[in-house]
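Following: one structure in structure tokens, then a few remarks.
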Amino acid sequence: MLEKLIYSIKVLDSLMSAYTSEEKAKEVLEERKEFYDDIESTIEPLMLILSEDDIKNIILDNLELSKKIIKEATPNGNN
């Protein structure tokens, strides 16, 4: 099981996007405010919990991206 604190940007009462870094969430929120300063936007911390099956399904649903990430994370690009 994977547990990770994420930071979501809420616009009005809808979750719009989430980031693993609070700093990145703040940066994106500030950029949004430049264009949408009349809309209420906030950052809320949330706990993301994924089971092994959830992670497996995410990998399988995004197989090409998964291969690219593994290749980049592997020294010398070896599998």
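Sequential numbering from 13 applies to the sequence shown in this note's numbering.
For every residue, glycine included, the Cβ atom is placed at its ideal position computed from N, Cα and C.
The beta carbon of Tyr19 is closer than 6 Å to those of Tyr31, Glu34, Ala37, Ile55, Pro57 in its chain, skipping five residues each way along the sequence. Looking at the backbone, the Cα of Met13 and that of Asp66 are separated by about 9 Å.
Per DSSP, Ile18 is one residue of the beta strand (DSSP E) stretching across 14-23. Nearest to Phe47 by alpha-carbon distance, out of Lys16, Val23, Asn69, Asn74, is Val23. DSSP places Glu56 in the strand class (E or B) of the three-state scheme.
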